[in-house]
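Chains A and B are the protein sequences, given in the same order.
Okay, so the first sequence: first residue is 1 according to UniProt numbering, each after it adds one.
Okay, so the second sequence: first residue is 1 according to UniProt numbering, each after it adds one.
C-beta atoms are modelled at their ideal positions from N, C-alpha and C, and glycine is treated no differently.
Each remark here refers to the structure printed beneath this line.
There are 2 protein chains.
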Amino acid sequence: MARWQPDAPGRLAAAALDLFEENGYENTTVIEIAERAGLTKSTFFRYFPDKREVLFGRGTVTGLLLEGIASAPPAAGPLDTVGNALDALGRTFFTADRREFSSRRQAVLSANAELREREALKRIDLTASMIEALTRRGTPDLTARVAAQLGALAWEIAFDQWIDADNSEDFGPLARQALIEVRTAGTLR
Amino acid sequence: MARWQPDAPGRLAAAALDLFEENGYENTTVIEIAERAGLTKSTFFRYFPDKREVLFGRGTVTGLLLEGIASAPPAAGPLDTVGNALDALGRTFFTADRREFSSRRQAVLSANAELREREALKRIDLTASMIEALTRRGTPDLTARVAAQLGALAWEIAFDQWIDADNSEDFGPLARQALIEVRTAGTLR
DNA sequence: AGGGTCGATGAGACCAAGTCCCATCACTGG
DNA sequence: CCAGTGATGGGACTTGGTCTCATCGACCCT
Numbered sequence: 001m002a003r004w005q006p007d008a009p010g011r012l013a014a015a016a017l018d019l020f021e022e023n024g025y026e027n028t029t030v031i032e033i034a035e036r037a038g039l040t041k042s043t044f045f046r047y048f049p050d051k052r053e054v055l056f057g058r059g060t061v062t063g064l065l066l067e068g069i070a071s072a073p074p075a076a077g078p079l080d081t082v083g084n085a086l087d088a089l090g091r092t093f094f095t096a097d098r099r100e101f102s103s104r105r106q107a108v109l110s111a112n113a114e115l116r117e118r119e120a121l122k123r124i125d126l127t128a129s130m131i132e133a134l135t136r137r138g139t140p141d142l143t144a145r146v147a148a149q150l151g152a153l154a155w156e157i158a159f160d161q162w163i164d165a166d167n168s169e170d171f172g173p174l175a176r177q178a179l180i181e182v183r184t185a186g187t188l189r
Numbered sequence: 001m002a003r004w005q006p007d008a009p010g011r012l013a014a015a016a017l018d019l020f021e022e023n024g025y026e027n028t029t030v031i032e033i034a035e036r037a038g039l040t041k042s043t044f045f046r047y048f049p050d051k052r053e054v055l056f057g058r059g060t061v062t063g064l065l066l067e068g069i070a071s072a073p074p075a076a077g078p079l080d081t082v083g084n085a086l087d088a089l090g091r092t093f094f095t096a097d098r099r100e101f102s103s104r105r106q107a108v109l110s111a112n113a114e115l116r117e118r119e120a121l122k123r124i125d126l127t128a129s130m131i132e133a134l135t136r137r138g139t140p141d142l143t144a145r146v147a148a149q150l151g152a153l154a155w156e157i158a159f160d161q162w163i164d165a166d167n168s169e170d171f172g173p174l175a176r177q178a179l180i181e182v183r184t185a186g187t188l189r
């Protein structure tokens, strides 16, 4: 038997999500979160740099995305490359069993400005990562920046649809479709 | 004679920028900022909701941008509309006399994660505003979202160039040019 | 068996951000 | 001269976040 209950960070994250749903983010104290997880404030800050971060995974998403970009066929255009990456994300991360969790999490996020701010930062960091990964495979800088922005937009659209209760499609196809629509809408004056 | 020194928020903002440059954002206390401005912590938080916000203007930029979008010729395409708005911004806000200040401010922003996070939020809020302004003049939703993202990207590019020391062009033309390049780069696979 | 080590946790002091409430002060108008 | 008003000061209080040291349980080694 383990000396302590396993997966302290997981328990903290779960407790946090519960409490945020019950009382709201601002009315929830880090001490309360830790207590519900059977831990203390010290341990909380050992695993998460701040209170917001408890709702943001350990950056596995970024890794998957970069991998997806790097492993796309060399001949693929930038948007197709991003499409492949989003597809990979759908297969590995935005799986059906994670849908409910994602939905709950998203509801909490949109209810609080501080959390939305962190989300904004994540989006921009992610976009920067995509740009770097694209330039690494030879995409010209400006093209990479445009592709990354459009990719992030398609992600957002697909994610919202995926979360939507009366919709049962997988994330991958939704992202593909969103990317196509974004591309055709991108022929602007 | 006024009973108190005039323009308390302005003095606070100036003191903050000075101190952030001297000692860095994290090593500067709100109390220190207030003292240098001849005020107190209480007064600081009367004018700014938090420490970060002292570096972000009173949202005049958003107003100007929305105005610029709304006042564009009705026949203009979405990107031209955004271009007009950026142009207006260049004439009214990103004026030559504000260049040095913008440059100093930007250096402080990029040096601190907390400030970059706030900047990310501002960008996303601004993009949302642009989308709303575009849809209000009849642009289809998806088109508006793409145009706003590309507009924000062009803004970023133009701003970086404008800030760049060995460059003397005005913001407006830089933004126009950036927008053109972004549009041509946006024809992707 | 018993002592040493190690990794995860707890305890508590401490600082700064941010909130709140009330006092003060300088002027203004009646 | 007095009451009101608006900007400021003062200080108590909560919470997020940091830091340092103590504890505790298992495992190893002899």
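**Q.** is_contact[A111/A, chain B] using C-beta, thresh 8 Å
**A.** no
Q.
For S103/B, report the span of its alpha helix (DSSP H) as first-last.
A. 99-110
(Q) Just to make sure I have the definition right: I need the residues of chain A whose C-beta is within less than 8 Å of the C-beta of D80/B. Which are they? (A) R189
Q: Using a Cβ-Cβ cut-off of 8 Å, state whether Q149/B counts as contacting chain A.
A: yes
Q | Residues of the segment 121-136 of chain A with Cβ closer than 9 Å to any Cβ of chain B, in chain order | A | L121, K122, R123, I124, D125
(Q) Please identify, using Cβ separations under 8 Å, the residues of the UniProt domain "HTH tetR-type" (6-66) of chain B that lie next to chain A, in order along the chain. (A) none
Q) Going by alpha carbons, who is nearest to E119/B out of N23/B, T187/B, G57/B, T95/B? A) G57/B
**Q.** Contacts around G38/A, its chain only, beta-carbon distance under 8 Å, and the 5 residues preceding and following it disregarded
**A.** Q5, R11
Q: Count the other C-beta atoms from every protein chain shown that fall within 10 angstroms of the C-beta of E100/B, then say buried if there are 16 or more, exposed otherwise.
A: exposed
Q.
Residues in the same chain with beta-carbon distance under 8 Å from R137/A, minus the five sequence neighbours each way, listed in chain order, please.
A. I69, A70, A72, P74, T81
Q. The ligand GTP heavy atoms versus the CB of I163/B: any closer than 7 Å?
A. The ligand GTP is not part of this structure, which contains no ligands at all.
Q. If you measure from the beta carbon of R99/A to each beta carbon in chain B, is any gap under 8 Å?
A. no
Q) Are L126/B and L65/B touching if we call contact CB-CB under 8 Å? A) yes
Q: Return helix, strand or coil for E132/A, following the three-state DSSP convention.
A: helix
**Q.** Rounded separation between G83/A and G151/A - CA only
**A.** 8 Å
Q: Could you name the residues of the same chain whose beta carbon sits closer than 7 Å to that of F20/B, not counting the 5 residues immediately before and after it, in chain order?
A: T28, V108
Q: Examine chain A for any beta-carbon lying closer than 8 Å to the beta-carbon of E181/B, and answer yes or no.
A: yes
Q: Would you please verify whether the beta carbon of R91/A is less than 8 Å from any beta carbon of chain B?
A: no
**Q.** Nearest-angstrom Cα separation, counted from T139/B out to L17/B
**A.** 40 Å
Q.
Using a 10 Å radius around the Cβ and a threshold of 16 neighbouring Cβ atoms, would you call R183/B buried or exposed?
A. buried
Q) Which residues in chain B sit within 9 Å of T143/A, going by Cβ to Cβ distance? A) A185, G186, L188
(Q) Using the Cβ count rule (16 or more neighbours within 10 Å means buried), how would you classify E26/A? (A) exposed
Q: May I have the straight-line CA-CA distance separating A165/B from A133/A, to the nearest angstrom?
A: 29 Å
Q | Secondary structure of Q149/A, DSSP reduced to three states | A | helix
Q: Report the rounded CA-to-CA distance for G172/A versus L89/A, giving the unit in angstroms.
A: 7 Å
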